[in-house]
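One structure below.
Number of protein chains: 2
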Amino acid sequence: MSSRLKDVAALAGVSTRTVSNVVSGTGAVAEETRARVQSALDELGYRPNVAARNLRAGRTGLIGLAIPELHSPYFGELAGMIVEAAQQRSWTVVIDQTFGDREAERRLLEGTGGRLVDGLIISPWALGPEELTGRSRDVPVVLLGEQQAHGVADRVAVDNVLAADEATTHLLSTGRRRIAAIGVQPHLRNGTARQRLSGYRQALRRAGLRPEPALERAVTTLHRKHGAEAMSALLEGDERPDAVFAFSDELALGALHVAVERGVRVPEDLAVVGFDGIEDGRYANPALSTVVPDKRQIAERALQCLADRIYSPASTVPPLDIVIPHRLDIRASSGRTG
Amino acid sequence: MSSRLKDVAALAGVSTRTVSNVVSGTGAVAEETRARVQSALDELGYRPNVAARNLRAGRTGLIGLAIPELHSPYFGELAGMIVEAAQQRSWTVVIDQTFGDREAERRLLEGTGGRLVDGLIISPWALGPEELTGRSRDVPVVLLGEQQAHGVADRVAVDNVLAADEATTHLLSTGRRRIAAIGVQPHLRNGTARQRLSGYRQALRRAGLRPEPALERAVTTLHRKHGAEAMSALLEGDERPDAVFAFSDELALGALHVAVERGVRVPEDLAVVGFDGIEDGRYANPALSTVVPDKRQIAERALQCLADRIYSPASTVPPLDIVIPHRLDIRASSGRTG
DNA sequence: CTGAAAGCGCTAACAG
DNA sequence: CTGTTAGCGCTTTCAG
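Going down the list, the sequences are from chains A and B. Here the first sequence is numbered in the UniProt record's numbering, starting from 1 and rising by one per residue. Here the second sequence is numbered in the UniProt record's numbering, starting from 1 and rising by one per residue.
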């Protein structure tokens, strides 16, 4: 079985104190002793027991990442970058999926008291601002993509209203006038969909158009399937839209698929713009225009926030509100026609 | 700060033993005492310290998942299912990305001695069979998608040769004769690409065709970009293929994109089949035919293996070799023409 | 420079 | 039914 510090000490003929010093590089050890200890270490293939070290240190070197679902490309890409950024800081990431479940989100937020993790990055869907403000948590928390909670915890998100406005304005600039929005989510409390809707309406109004309820389609999830269903409904409606702004790339890809399948010409008859900048969109047919949040920066800043709070627990810096830049990638699905 | 068992005991006027019993539901506790302890528990918002519990129990409740990259749809979907299956077994998953790096893979495999995790699921890319057989590890390991290592550890994988044969045979059955293969990876040691290539060749030979080196395209990664590049090269070649079998859906989607963009009619002029059954393919234009491994079952069986080894460490059951079923989903990209 | 020993918070064997 | 206590393996204070 695996050997302990004590075994190594016995083999090298020194105390555990000295072995510990050699392992961690702490303190001063005579060169001769160090060599002897090192060979004992190698011979036994010693690995420090993480649990014991954690218990002693009061830190685990783990951070939690709680996201709705790992299989969606957006969260998959983001999670990958967070894991990578964490590795660079010598942290290990523990992943939980909430599936947008209120209880799961609440449990994770409150259950962090077990000190399994030194910090938590959570992307809440079902939890509203008031629920995020629970009893004060004992590990630092960073909220991802949540723009309603003020002063509760550090937040990292793009400016959804602005981004949606830009996407819609782009469609208007190509001459579209009946622009549908796919992705309204009245059942979620995180405000993302609401903000994108509001940016969309804002752009329409500025162009002198009036938002039409028939063009604002609700979905139960952000998956392709529901984008496809929403598109079907729109195509079967009385007045077809000439453009679609989908609140996620997945919805947009579902919509695109249905449109192309039914012989609608994209972008000539229908322009499509998505949101998230996932890799799939780049290779879709036609390639999908999309709002691209700087995911790499989301990951970096979120970890930076955690690091600051973890290493300076006494810090009185108020909760940060970090706005991540985004850009609009215009591709074939909304390319200017003739 | 967070309270300890001792604090709760003091508040409730009992010993830590009793509190421990209440928390864990072990032993018998008088109803009256239990109530008193419970209210003390609630009042202090007690959470057991995971590190201490782990140290005591010799288990952490964590399992490691080491995959090349989280952002690729295949691994994203698979990781999601593994996290889900682990949650059901009350395990938490720690994710590491190896990016197919030999050193990273080796480190993870050997570094499991720290007992951070109770078990490890790893999908090796760069490590060959001989390297997998290192010093005997002290936590159970499950190999994913590795079919060369015999008797080293439990393995869970689809029958790549068979699956590739089926995909190729399907293309042959639609009348294709110049079938290209995209995805040869001479630099990787995990054997997956080699096996798919061998299944592909086997099908060709059975049909009386001879494999042509010009039609077997190597790639450096399985990403869409390299599928696109391989397709470009094929289209610019002297004799165009009338079908493509890509060793991953991502490669297939990259190829599909380039083909459609250049006006090649799919499936009339070119049929495309991928491998992995990722969600993107279903909504591609045209929808992508693909070999679909039962990912849910991969996740389930891998966890089952770990559970068996972890809970019966003394088991003498030899390393298992689990073959996961797959199916061929024929969609528009290879639909029979005329 | 190195040894002895306390203690992180918890569980469980051993009393009572 | 409940209290006392010995460690799990490590780091670190205090001596030497």
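Every residue gets a Cβ at the ideal spot worked out from N, C-alpha and C, and that includes glycine.
Using a Cβ distance threshold of 8 Å, determine whether the stretch 265-281 of chain A contacts the stretch 231-242 of chain A, with at least three qualifying pairs required. yes
What residues in its chain sit with their C-beta under 7 Å from that of G338(A), if we drop five residues either side in the sequence? Residue mapping note: residue 338(A) aligns to position 338 of the first sequence, counting from 1. Low per-residue confidence applies at G338(A): pLDDT is 37, beneath 50, and the placement is therefore not dependable enough to give any value.
Which class does D299(B) belong to by DSSP, given the choice of helix, strand or coil? As a first step, residue 299(B) must be located in the second sequence, where it is residue number 299. Correcting the residue identity first, residue 299(B) is Ala in this sequence and not Asp. Under the three-state reduction of DSSP output, A299(B) falls in the helix class.
Just checking: is the beta-carbon of D280(A) within a distance shorter than 9 Å of some beta-carbon in chain B? Position 280 of the first sequence, counted from the first residue, corresponds to residue 280(A). By this cut-off, D280(A) is an interface position.
Quick one: give me the first and last residue of the alpha helix (DSSP H) that E77(B) is part of. By 1-based counting over the second sequence, the position of residue 77(B) is 77. Taken as a continuous stretch (DSSP letters only), the alpha helix (DSSP H) holding E77(B) covers P73 to Q88.
Hey, is Q304(A)'s beta-carbon within less than 9 Å of any beta-carbon in chain B? Along the first sequence, read from residue 1 onward, the residue named residue 304(A) stands at position 304. So, not an interface residue.
Does R312(A) come out as helix, strand or coil in the three-state DSSP assignment? Mapped onto the first sequence, residue 312(A) falls at position 312. It should be pointed out that residue 312(A) corresponds to Ser in this sequence rather than to Arg. In the structure shown, S312(A) sits in coil (DSSP, three-state: anything other than H, G, I, E or B).
Do P325(B) and Q297(B) have their beta-carbon atoms positioned less than 9 Å apart in this structure? Counting from one through the second sequence, the residue named residue 297(B) turns up at place 297. Counting from one through the second sequence, the residue named residue 325(B) turns up at place 325. The beta carbons of Q297(B) and P325(B) sit closer together than 9 Å.
Between the beta-carbon of A284(A) and the beta-carbon of A243(A), is there less than 9 Å? Taking the first residue of the first sequence as 1, we reach residue 284(A) at position 284. Taking the first residue of the first sequence as 1, we reach residue 243(A) at position 243. The answer is no: Cβ separation not under 9 Å.
9 Å is my cut-off, CB to CB: does S123(A) come that close to chain B? As a first step, residue 123(A) is located in the first sequence; it is residue number 123 there, counting from the start. Cβ-Cβ to chain B under 9 Å: no for S123(A).
Any Cβ of chain B within less than 9 Å of the Cβ of F75(A)? Residue numbering aside, residue 75(A) sits at position 75 when the first sequence is read from its first letter. Yes, because at least one Cβ of chain B sits closer than 9 Å to the Cβ of F75(A).
Give, in chain order, every residue of the stretch 82-100 of chain A whose Cβ lies closer than 8 Å to some Cβ of chain B. V83, E84, Q87, T92, V93, V94, I95, D96 and Q97
Proximal residues of chain A, C-beta to C-beta of Y283(B) below 8 Å: Taking the second sequence and counting its residues from 1, one reaches residue 283(B) at position 283. Near Y283(B) (Cβ distances below 8 Å), the residues of chain A are R224, A228, L253, G254, L256 and H257.
Give me the Cα-Cα distance between R36(B) and S2(B), rounded to the nearest whole angstrom. Looking up residue 36(B) in the second sequence gives position 36. Looking up residue 2(B) in the second sequence gives position 2. Going by the C-alpha atoms only, they are around 20 Å apart.
Can you check which of these residues, L222(A), D7(A) and L70(A), is closest to A193(A) by C-alpha distance? Taking the first residue of the first sequence as 1, we reach residue 193(A) at position 193. It is L222(A).
Leaving out five residues on either side along the sequence, give the residues of the same chain with a beta carbon under 8 Å from the beta carbon of E77(A). If you number the first sequence from 1, residue 77(A) lands on position 77. I278, E279 and K295, listed in sequence order.
Checking contacts by CB at 9 Å: is N21(B) closer than that to chain A? Your numbering for residue 21(B) matches position 21 in the second sequence. So no, N21(B) is outside the interface.
Is the separation between the beta-carbon of A246(A) and that of G263(A) shorter than 9 Å? Counted from its first residue, the first sequence places residue 246(A) at position 246. Counted from its first residue, the first sequence places residue 263(A) at position 263. No; because the gap between Cβ atoms is not below 9 Å, this pair is not in contact.
Alpha carbon to alpha carbon, what distance is there between E229(B) and P213(B)? Against the second sequence, residue 213(B) aligns to sequence position 213. Against the second sequence, residue 229(B) aligns to sequence position 229. Approximately 17 Å between the Cα atoms of the pair.
Counting only beta-carbon atoms, is E261(B) nearer than 9 Å to chain A? Residue 261(B) sits at position 261 when you count from the first residue of the second sequence. Closer than 9 Å: yes.
Are L251(B) and I182(B) closer than 9 Å when you measure CB to CB? For this step, residue 251(B) is matched to residue 251 along the second sequence. For this step, residue 182(B) is matched to residue 182 along the second sequence. Closer than 9 Å, so yes.
Please report how far the alpha carbon of Y311(B) lies from the alpha carbon of N54(B), in whole angstroms. The residue you call residue 311(B) lines up with position 311 of the second sequence. The residue you call residue 54(B) lines up with position 54 of the second sequence. So the alpha carbons of these two residues sit roughly 15 Å apart.
Quick check: what's the CA-CA separation for L132(A) versus V139(B)? For the purposes of this step, residue 132(A) is taken as residue 132 along the first sequence, with counting starting at 1. For the purposes of this step, residue 139(B) is taken as residue 139 along the second sequence, with counting starting at 1. For L132(A) and V139(B), the distance between alpha carbons rounds to 38 Å.
At what residues does the alpha helix (DSSP H) containing H226(B) begin and finish? What you label residue 226(B) is simply residue 226 of the second sequence in a count that begins at 1. In the DSSP assignment, H226(B) falls within the alpha helix (DSSP H) that extends over R224 to E236.
Quick one: using the 10 Å Cβ neighbour count with 16 as the cut-off for buried, is T220(A) buried or exposed? As a first step, residue 220(A) is located in the first sequence; it is residue number 220 there, counting from the start. Result: exposed.
Can you tell me which of the three DSSP states E216(B) falls into? To locate residue 216(B), count along the second sequence from 1; it is residue 216. Three-state DSSP puts E216(B) in a strand.
Which residues of the stretch 36-58 of chain B have a Cβ closer than 7 Å to any Cβ of chain A? Give them in chain order. G45, R47, P48, N49, V50, A51, A52, N54 and L55
To the nearest angstrom, how far is it from the Cα of V291(B) to the Cα of D165(B)? Walking along the second sequence from the start, residue 291(B) turns up at place 291. Walking along the second sequence from the start, residue 165(B) turns up at place 165. In a straight line, the C-alpha of V291(B) is about 11 Å away from that of D165(B).
Would you mind sorting R205(A) into buried or exposed? The rule is 16 or more other CB atoms within 10 Å of its CB. In the first sequence, residue 205(A) corresponds to position 205, counting from 1. By the 10 Å Cβ count, R205(A) comes out exposed.
Closest by C-alpha distance to A40(A), when choosing among N190(A), L11(A) and D118(A): Working through the first sequence from its first residue, we reach residue 40(A) at position 40. Comparing Cα-Cα distances from A40(A) to each of N190(A), L11(A) and D118(A), the minimum goes to L11(A).
For L143(A), list the residues DSSP reports as bridge partners. Within the first sequence, numbered from 1, the residue matching residue 143(A) stands at position 143. Its beta-bridge partners are I122(A) and R155(A).
So the alpha helix (DSSP H) H326(A) belongs to, where does it begin and stop? As a first step, residue 326(A) is located in the first sequence; it is residue number 326 there, counting from the start. From DSSP, H326(A) is part of no alpha helix (DSSP H) but of the beta strand (DSSP E) over H326 to D329.
Looking at C-beta atoms only, is the number of pairs between the stretch 107-125 of chain A and the stretch 99-111 of chain B that lie closer than 8 Å three or more? no
Chain A partners of D269(B), CB-CB under 8 Å? Here the question's residue 269(B) lines up with position 269 in the second sequence. For D269(B), no chain A residue has a C-beta closer than 8 Å to its own C-beta; the minimum C-beta separation is roughly 15 Å.
Kindly indicate the opening and closing residues of the beta strand (DSSP E) around A149(A). Position 149 of the first sequence, counted from the first residue, corresponds to residue 149(A). No beta strand (DSSP E) holds A149(A); DSSP gives it neither H nor E.
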